[in-house]
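Student:
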Amino acid sequence: MNNRRISLRGRTLRVSQGYLFVFPWIIGFLLFFVYPLVQSIHLSFSKITSIKGFKMEWVGAANYIKAFVWDINFVPMFISVVKSTLVNTPIIIVFSLFIAILLNKKIKFRAFFREIFFLPVVLGSGFIMQELIDMGVQQQVIDLSKIILLPQQVLQYLGSNFSAIIQNYLNLITLLLWKSGVQILLFLSGLQSISKSLYEAARCDSATEWEMFWKITLPMISPIILLNVVYTLVDSFTDINNPIVTYLVNVSIKQFNLEYGAAMGWIYFIFIFIMIILMFILSKLFIHSSYER
Amino acid sequence: MKGKRGVFMRKLKELKREGSSYKLSYFFIKIKRIKYWSNFIYRLGIYILLFGLGLVFIFPFLYMIVTSLKSPDDLIDITVRWIPKTIYWSNYLVASGALKYFTYLKNSIFVTVLCVIGHNISCSYIAYGYSRFKFKGRDFLFMFVLLSIIIPPEVLVTPLYIQYSKFRWINTYLPLIVPSFLGFGLRGGLYIFIFRQFFLGLPKDLENAALIDGCGCIQTFWRIIFPVAKAPILVSSVLSMIWHWNDSFEATLYLTSSKKWFLPTMLPKMYDTLKSLQPDDMMAAIFYNEGVIMAGTFLTVLPLLLAYLFLQRQFMEGIERSGLVE
Chain L
875 MNNRRISLRG
885 RTLRVSQGYL
895 FVFPWIIGFL
905 LFFVYPLVQS
915 IHLSFSKITS
925 IKGFKMEWVG
935 AANYIKAFVW
945 DINFVPMFIS
955 VVKSTLVNTP
965 IIIVFSLFIA
975 ILLNKKIKFR
985 AFFREIFFLP
995 VVLGSGFIMQ
1005 ELIDMGVQQQ
1015 VIDLSKIILL
1025 PQQVLQYLGS
1035 NFSAIIQNYL
1045 NLITLLLWKS
1055 GVQILLFLSG
1065 LQSISKSLYE
1075 AARCDSATEW
1085 EMFWKITLPM
1095 ISPIILLNVV
1105 YTLVDSFTDI
1115 NNPIVTYLVN
1125 VSIKQFNLEY
1135 GAAMGWIYFI
1145 FIFIMIILMF
1155 ILSKLFIHSS
1165 YER
Chain W
20 MKGKRGVFMR
30 KLKELKREGS
40 SYKLSYFFIK
50 IKRIKYWSNF
60 IYRLGIYILL
70 FGLGLVFIFP
80 FLYMIVTSLK
90 SPDDLIDITV
100 RWIPKTIYWS
110 NYLVASGALK
120 YFTYLKNSIF
130 VTVLCVIGHN
140 ISCSYIAYGY
150 SRFKFKGRDF
160 LFMFVLLSII
170 IPPEVLVTPL
180 YIQYSKFRWI
190 NTYLPLIVPS
200 FLGFGLRGGL
210 YIFIFRQFFL
220 GLPKDLENAA
230 LIDGCGCIQT
240 FWRIIFPVAK
250 APILVSSVLS
260 MIWHWNDSFE
270 ATLYLTSSKK
280 WFLPTMLPKM
290 YDTLKSLQPD
300 DMMAAIFYNE
310 GVIMAGTFLT
320 VLPLLLAYLF
330 LQRQFMEGIE
340 RSGLVE
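Residue numbers (my numbering), protein chains in the order written: chain L, 875 to 1167; chain W, 20 to 345.
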């Protein structure tokens, strides 16, 4: 009896301490998350009647209908963003995994290379990189890589149509490579957490590097692939240079059409949420888990 | 490779059966040579790939520096591509003058440092609560931490703006600083996640010892756990520093007077002022050209770059050690 009481007291103490630590977050949660969230939902279903004091009038789903039916810009833009994300995410994941595997080999100047591959993230996750791209930096990278990879004769032989396609792809890949610094780092740390003994055992059974990649590296790294996919999705959706985001900010702040901006923001968010939930469901099928948390 | 190996093993067995030691040793030398050369080519391939990819990654950076050192003559000259004929420093003078570099540098450093400190203190504290204590609704609340990473800030911008204007926070640094001290702000949830992963992997013996010695739980955290968490602190400070420094979205939104702006937000303004300086003058080419723009851009990222170079080794090790990916 006595024993039980002590343990009970201990537990309640522990509980209150937990709230003590989370308390600042809860304040922030209420101030900077719940309140604006509720306000934003409310705003998206209503119309501002007077800007002073923000008096609102309930109009139902009118703003949402406006986004899908009346606005000629929103739906095509939305589809193009979705398309480009669906193309870009696999490219980023494959390339960053490839680079991480290269970096994980026993090579000289490893630290130096690691530093270089993270450099574009430092240079600008937003505006500065955009400025550099506007100046035509990426075109020069492609020119440089064309000298090495594809001489002019080859391009002429292939014809202008095909070379334009290649040019486009090189363009895209360079742009995406600059965005994949964080993903490379995450993959690299994931690769280092795989125990060396697995590879040794495989080598004893005369497995090749190729087989080891498919049978050991990929299954062991699959949780990080999920992490990276989610990160890439979130990063590309919240990027300031994303056309939808610029349109949204433009409508809600420059044109002061707050309620319509909120509605579009919600459509956008629901879409992202569905994508991420889908990713988690898909990952349940493929991800190898060596132990349960 | 597998097939080859099988053939080799069979040959080796045959040779052993024959018992000819001369042939055996010759065979081994041959294998060694093949192995050496195939290994050499393999390594060479890796280095070539890494250098090629590294070039793509370092390219914008090199381009920026080289262009910023070009004189107007060099910029027009097509033959000058990578090595300017003369190193032309006055691009930097023009750019720093037009940026009002040191006033805005002070603003930028002030807010970035405060936000980084805020994120580290608050996120580690909150993450400790989420990782060590079992309380009602913990997992439910943690789901919202993850949701706060996922939700694009643009969705919440409008109501937040209204709210800040009610608080009379518009045109002060408070909308940027206060959320970061409460575990929100720019990707605050991500840092909570990083710290939580680290604390989950940390053995409990340390704090149990402190608790037995009569240390309260908050004191235990600040005195024992926080100093141990060097790896996640480094990771989250570097990431938070980079993102805060480069963020121009919140600044242009909440800071209405341009006196309080930061360096990255000032860059486009700098272009405009330089452009309007002497619109149809011969001198305009000196004040507004690619070289000056690149010099301005380089000056903007320079403090960040220095800080990163200073911290990068510990940062990389920190990412590998913080148990971010398990």
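Backbone N, C-alpha and C define an ideal beta-carbon position, used for all residues, glycine too.
Anything in chain W within Cβ reach of tyrosine 909/L, meaning under 8 Å, just list it in chain order.
Tutor: Pro178 and Gln182
Student: Cβ of tryptophan 264/W within 7 Å of Cβ of leucine 323/W?
Tutor: yes
Student: Here's the rule: buried if 16 or more other CB atoms are within 10 angstroms of the residue's CB, otherwise exposed. What is threonine 886/L?
Tutor: The pLDDT assigned to threonine 886/L is 49, lower than 50, so where the model puts this residue is not dependable, and the model offers no usable value.
Student: Please name the residue in Ile243/W, Gln216/W, Gly207/W and Leu221/W whose C-alpha comes closest to that of methionine 260/W.
Tutor: Gly207/W
Student: In this structure, how does DSSP classify lysine 957/L when only helix, strand and coil are distinguished?
Tutor: Three-state DSSP puts lysine 957/L in a helix.
Student: The region 1124 to 1150 of chain L: which residues have C-beta closer than 8 Å to a C-beta of chain W, in chain order?
Tutor: Ser1126, Ile1127, Leu1132, Gly1135, Ala1136, Gly1139, Trp1140, Tyr1142, Phe1143, Ile1146, Phe1147 and Ile1150
Student: What's the gap between the Cα of glutamine 913/L and the Cα of leucine 175/W?
Tutor: 9 Å
Student: Ordered along the chain, which non-local residues of its own chain (more than five positions away) have a Cβ less than 7 Å from that of glycine 1135/L?
Tutor: Beyond the five residues adjoining it in sequence on each side, glycine 1135/L comes within less than 7 Å, by CB distance, of Leu1122, Val1125 and Ser1126 in the same chain, given in chain order.
Student: Could you give the distance in angstroms between the alpha-carbon of glutamine 333/W and the alpha-carbon of phenylalanine 1130/L?
Tutor: Within the model, the alpha-carbon separation for glutamine 333/W versus phenylalanine 1130/L is close to 46 Å.
Student: Mind checking if valine 26/W is an interface residue toward chain L, Cβ cutoff 7 Å exclusive?
Tutor: no
Student: Helix, strand or coil for serine 90/W? Go by DSSP, reduced to three states.
Tutor: In the three-state DSSP reduction, serine 90/W falls in the coil class, being neither helix nor strand.
Student: Only counting runs of 4 or more residues, tell me where the alpha helix (DSSP H) segments fall wholly within the region 65 to 144 of chain W, in order along the chain.
Tutor: 91 to 95 and 109 to 118
Student: For the alpha helix (DSSP H) containing asparagine 265/W, list its first residue and its last residue.
Tutor: 249 to 265
Student: What does serine 920/L pair with, by DSSP beta-bridge criteria?
Tutor: Trp932/L
Student: Would you mind giving the Cβ-Cβ distance between tyrosine 893/L and phenylalanine 154/W, rounded to the nearest angstrom? I have them listed as a contact below 8 Å.
Tutor: 6 Å
Student: Taking the alpha carbon of threonine 275/W as the reference point, which residue from Tyr183/W, Phe245/W, Glu336/W and Val254/W has its own alpha carbon closest?
Tutor: Measuring from the Cα of threonine 275/W, the nearest candidate turns out to be Tyr183/W.
Student: Comparing the C-beta of tyrosine 938/L with each C-beta of chain W, is any distance below 7 Å?
Tutor: No, its Cβ sits nowhere closer than 7 Å to a Cβ of chain W.
Student: Under the rule that 16 or more other beta-carbon atoms within 10 Å means buried, what is glutamine 1057/L, buried or exposed?
Tutor: buried
Student: State the CB to CB distance for the pair valine 896/L and glycine 148/W, rounded to an integer number of angstroms; the pair is presumed to be in contact (CB under 8 Å).
Tutor: 4 Å
Student: Taking 6 Å as the line, does the beta carbon of valine 197/W fall inside it for any heavy atom of the ligand GDP?
Tutor: The ligand GDP is not part of this structure, which contains no ligands at all.
Student: Anything in the region 240 to 267 of chain W with a Cβ closer than 7 Å to a Cβ of chain L? List those residues in chain order, please.
Tutor: Ile261, Trp262, Asn265, Asp266 and Ser267
Student: Kindly give me the distance between the Cβ atoms of glycine 337/W and alanine 250/W, rounded to whole angstroms, as I take these residues to be in contact under 8 Å.
Tutor: 4 Å
Student: Which residues, taken in chain order from the region 979 to 995 of chain L, show a beta carbon closer than 8 Å to some beta carbon of chain W?
Tutor: The residues in question are Lys979, Ile981, Ala985, Phe987, Arg988, Glu989, Ile990, Phe991, Phe992, Leu993, Pro994 and Val995.
Student: What in chain W is Cβ-close to leucine 1072/L, meaning under 7 Å?
Tutor: Within 7 Å Cβ-Cβ: nothing; leucine 1072/L doesn't reach chain W, min ~16 Å.
Student: Mind reading off the beta-carbon distance from leucine 330/W to leucine 253/W? Whole number of angstroms is fine, and I expect it under 8 Å.
Tutor: 7 Å
Student: Note down the Cα distance separating arginine 1167/L from leucine 219/W, rounded to an integer number of angstroms.
Tutor: Residue confidence is low: arginine 1167/L scores 37 on pLDDT, short of 50, so the model does not pin down where it sits. No coordinate-derived value is stated.
Student: Beta-carbon of tryptophan 944/L versus every beta-carbon of chain W: anything under 7 Å?
Tutor: no
Student: According to DSSP, simplified to helix, strand and coil, what is tryptophan 1140/L?
Tutor: Helix at tryptophan 1140/L.
Student: Could you pull out every residue in the same chain whose Cβ sits closer than 8 Å to the Cβ of leucine 225/W, ignoring the five residues on either side in sequence?
Tutor: Ile243, Ile244 and Val247.
Student: State the Cα-Cα distance for the pair isoleucine 1146/L and serine 1157/L, rounded to the nearest angstrom.
Tutor: 16 Å
Student: Of all the residues that make up the region 145 to 158 of chain W, which are near chain L by a beta-carbon distance shorter than 8 Å?
Tutor: Ile145, Tyr147, Gly148, Tyr149, Arg151, Phe152, Lys153, Phe154, Lys155 and Arg157
Student: With a threshold of 7 Å between beta carbons, is serine 167/W in contact with chain L?
Tutor: So, interface residue.
Student: Using a Cβ cut-off of 7 Å (strictly closer), state whether phenylalanine 919/L contacts chain W.
Tutor: With a threshold of 7 Å between beta carbons, phenylalanine 919/L makes no contact with chain W.
Student: Assuming the contact rule is C-beta atoms closer than 8 Å, leucine 272/W and tyrosine 123/W should be a hit. Round their C-beta distance to whole Å, please.
Tutor: Incorrect: roughly 17 Å between the Cβ atoms, too far for contact.
Student: Say whether chain W places a C-beta atom closer than 7 Å to the C-beta of phenylalanine 1154/L.
Tutor: no
Student: Inspect the beta-carbon positions of proline 171/W and threonine 1112/L and report whether they are closer than 7 Å.
Tutor: yes
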